[in-house]
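The working numbering numbers the first residue of the sequence shown as 52 and each following residue consecutively. We treat Cβ as the ideally placed atom computed from N, Cα and C, and that holds for glycine. Remember, predicted model here, so these are calculated numbers, not experimental data.
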Amino acid sequence: MDAATVQKIVREIEKFVPATESEHVGRVVSVGDGVVAIDGLSKAVMGEIVHFEENKGKKLADAMKDGGAIQGLILNLEEDGVMAAVLGDTARVQEGMTVKSTGKILEVASGDELLGRVVNALGEPIDGKGPFKKPTMMPVERQASGVIDRQSVSVPLQTGIKAIDAMIPIGRGQRELIIGDRGTGKTTVAIDTILNQKNEPKERRPICIYVAIGQKESKTARITQQLREAGALEYSIIVDAPASAPAALQFLAPFAGVAIGEYFMDAGRDVLIVYDDLSKQAVAYRQLSLLLRRPPGREAYPGDIFYLHSRLLERSARLSEEKGGGSITALPIIETQEGDVSGYIPTNVISITDGQMFLITDLFNKGIRPAIDVGISVSRVGSAAQTKAMKAVAGGIKLELAQFRELEAFMQFASDLDKETADRIESGRRMVEVLKQKNGAPIPLEKQVAAIYAANQKFFLAVPVGKVTAVEQLFVDFLDAQHKKTLDEIKKSAQLSDESKKDLNKAMEEFRLAHPEHFASK
């Protein structure tokens with residue numbers, strides 16, 4: 052039962068039980084590290100918002116001048132009082148201060164006027180562009196849609212990254228984990244996916260929400276600028292809870308992000324939300340829980356850390372047509388230590404999501420970007436979330452790369468290889484090169500399909516391995532200039548027809564004749 056339902060039940064009971072003023076007024080007993088113990092508030096509800104009254108009832112207008120009235124969020128209901136997290140500057144809260152319950156749960160602003168804006172975990176603008184005029188308020192905690200209200204995930208969400216769209220396809224309404232050590236390009240994958248939505252038709256383009264949890268403010272500012280320069284900020288919202296923010300706000304930021312997204316989903320629109328990253332949210336929640344004196348469990352995380360992430364990620368869904376057909380696609384990011392996916396938080400989130408992209412340091416250091424480990428990465432939605440065009444060319448890639456990795460490892464110990472094995476290794480090397488991609492340069496679906504089709508036809512086999520990426524780019528540019536009609540047909544139909552295959556085969560031959568210098572001996 053979520054906080055809103057509990058609150059509704061309590062309010063119904065209160066109609067028959069006369070309340071006294073003292074039941075809605077309390078006093079701060081102790082304060083420290085963003086958590087306060089409050090005496091009184093016998094009618095308090097879990098998840099309720101309380102107001103701290105400064106200077107014995109300072110007027111709200113005066114409080115706003117000091118940075119707004121101080122709010123608290125009740126997180127513990129105890130026998131002799133309650134404990135709450137301060138949502139703001141803890142230094143302004145002192146022992147003996149009066150606290151009043153509001154009877155409300157936490158809400159954040161949402162709506163179209165948030166597009167292109169940067170907000171904090173409370174939904175307040177922090178980009179200096181002024182307050183919102185008429186936002187819709189959405190509850191931070193809300194029960195996830197039931198199974199009956201959902202439909203299967205079958206509409207692709209294109210990332211613009213060849214390795215992902217071909218081997219680990221993501222569908223609208225899916226939850227796909229991005230996991231790996233620090234500095235392996237996890238955020239880059241997520242940001243490239245946001246940038247690629249510009250290639251979608253305006254009516255089908257998802258609203259993108261980037262939630263920065265415990266990140267450096269300089270990193271968030273750089274990402275905001277990157278989105279602005281690429282023209283992607285106009286359909287994006289940034290929710291920022293930096294490392295300098297209190298633990299309570301870092302814990303709330305993902306819930307604020309999904310609450311903002313639910314406004315658009317309820318309106319029948321698609322949403323893509325990135326949580327960067329949930330490891331830091333888990334640490335913030337652990338900090339809060341220990342301050343609230345909840346019993347620690349494994350690795351000092353409280354027992355309900357699994358419930359914290361599951362109730363967050365369950366709110367991602369693709370609604371049925373009766374409910375408007377909107378969707379929220381979640382890309383949670385988790386940081387591992389030395390590639391340990393069996394850690395407590397990685398294990399938890401892997402078990403909640405519909406698949407994971409595992410990025411590994413070894414591949415990253417070899418220059419393979421994105422550094423996705425094909426063996427351990429999976430999408431549980433699979434080819435149901437792929438266009439027919441991509442399905443036609445991507446079927447055998449994962450198996451080919453897995454076999455190539457094994458053969459490559461075996462080759463280190465074998466001096467003499469038969470021709471079939473040598474050919475497989477050479478083909479695998481070139482497929483790895485074809486799937487490489489520069490940061491911040493997502494590729495439209497039709498160009499991905501053309502490049503992978505050419506690789507499947509052994510088009511790059513006569514190209515030296517070191518030149519494959521450059522030749523592939525030249526070939527795609529050649530198609531764009533000379534065979535644009537074919538690319539447009541693939542884009543429009545999302546299929547690879549026999550006619551399109553003939554055109555691509557013809558284009559490959561033309562390119563080979565026009566650029567013989569690239570097809571020298573191996």
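Taken in chain order, the complete beta strand (DSSP E) segments of 3 or more residues contained in the region 124-205 are 132-138, 149-156, 158-161, 187-190. Ranked by Cα distance from C259, the first of F302, G167, P252 is G167.
Bridge partners of R369 according to DSSP: S378.
Annotation for A263: T271, D291, D327 place their beta carbon closer than 6 Å to its own, counting only its chain and skipping 5 residues before and after. In the DSSP assignment, E497 falls within the alpha helix (DSSP H) that extends over 496-507. For the pair V429 and G406, the CB atoms are nearer than the 9 Å cut-off. For V400, the uninterrupted alpha helix (DSSP H) segment begins and ends at 395-403.
Counting along the chain, G447 sits inside no alpha helix (DSSP H), nor does DSSP assign it H or E at all.
For D321, the uninterrupted beta strand (DSSP E) segment begins and ends at 321-327. Distance from G265 to Q301 at the Cβ level is roughly 5 Å; contact confirmed, criterion being Cβ atoms closer than 8 Å.
With distances taken between CA atoms, I229 lies nearest to A422 out of A501, A422, M441, N556. Counting C-beta atoms within 10 angstroms of its own C-beta, Y336 has 16 or more neighbours from the protein chains shown and is therefore classed as buried. Judged by beta-carbon spacing, V150 lies within the 9 Å limit of G123, meaning their Cβ atoms are closer than that value. The shortest C-alpha to C-alpha distance from K213 to any of F511, V516, K543, V500 is the one to V500. Rounded to whole angstroms, the Cβ separation of A160 and A304 is 14 Å, and the two are not in contact under 8 Å.
In the three-state reduction of the DSSP assignment, V96 falls in the coil class, being assigned neither a helical nor a strand state.
In this structure, DSSP gives G91 an extended state, which the three-state scheme calls strand.
For the pair A120 and P257, the Cα-to-Cα distance works out to about 35 Å. Annotation for L410: the continuous beta strand (DSSP E) segment containing it runs 406-410.
Close CB contacts of Q145 within its chain, under the 8 Å cut and outside five residues either way in sequence, are with V79, V82 (chain order). Rounded to the nearest whole angstrom, the CA to CA distance from R563 to N556 is 11 Å. Beta-bridge pairing by DSSP links G308 to no other residue. Partner residues in the beta bridge of Q122, as assigned by DSSP, are H102, L138. Distances from the CA of E227 to each of V444, A502, V432, F455 were compared; the closest alpha carbon is that of V432.
Each residue's CA atom was taken as its position, placing E471 and G418 some 27 Å apart.
L363 and V325 do not touch by the CB rule: their CB atoms are close to 13 Å apart, not below 8 Å.
In this structure, the CA atom of E540 is about 29 Å from the CA atom of L284.
Pairing K509 with L323, the inter-Cα distance amounts to about 36 Å.
The residues L166, G167, I245, I258, C259, I260, Y261, L278, in chain order, have a CB closer than 8 Å to that of S287 in the same chain once the five nearest residues on each side in sequence are set aside. Between the region 229-243 and the region 398-414 there are three or more C-beta pairs closer than 8 Å, enough to call the two in contact. Excluding residues up to 5 positions away in sequence, R480, R481, E484 lie with their Cβ nearer than 7 Å to the Cβ of V516 in the same chain. In the structure shown, L228 falls within a strand segment according to DSSP collapsed to helix, strand and coil.
Proximity of the region 340-357 to the region 183-194 falls short of the contact definition, fewer than three beta-carbon pairs being nearer than 8 Å.
In the structure shown, the three-state DSSP call for G433 is helix.
Taking all protein chains in view, the Cβ of D243 is crowded by 16 or more other Cβ atoms within 10 Å, so the residue is classified as buried.
DSSP places D554 in the helix class (H, G or I) of the three-state scheme.
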